[in-house]
Amino acid sequence: PQSGQITGILKQMKDTMEADLADITKTEEESKANYEGLVAAKEKEIAANSKAIEEKTQRLGETGVKIEELKEDLADTSASYEEDKKFLADLDKNCATKTEEFDVVKKTRAE
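Quick note on numbering: the numbering used here labels position 18 of the sequence shown as 39, and the sequence is numbered without any gaps.
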């Protein structure tokens, strides 16, 4: 009789442990699936971010080159502008001289 009770208790413990094992196994499988999904999502995110970094790095390099080209253009344009200002000053001076000479000639003819 007591061995029957012990056997019953052991059977009940076995059934409980098997049920617990099934629950734990199911929970572990769900956790594993969630983990694998998270890893896949993060790997996809890393790949997308890496691609974005590469594109932005390339754009940064291209922009740096363009800035240097524009600086050179600005320097060339500034130099050309200064030369044009000197030319205009000389032209104004020459025009003033020619006007004075013409006025002298005109005055001389009038006399």
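Even glycine gets a Cβ: it sits at the ideal position worked out from N, Cα and C.
DSSP places Glu93 in the helix class (H, G or I) of the three-state scheme. When DSSP states are grouped into helix, strand and coil, Glu103 belongs to the helix group.
If only complete runs of 4 or more residues are kept, the segment 28-77 shows no alpha helix (DSSP H) anywhere.
Gln26 and Gln33 have their C-alpha atoms spaced approximately 10 Å apart.
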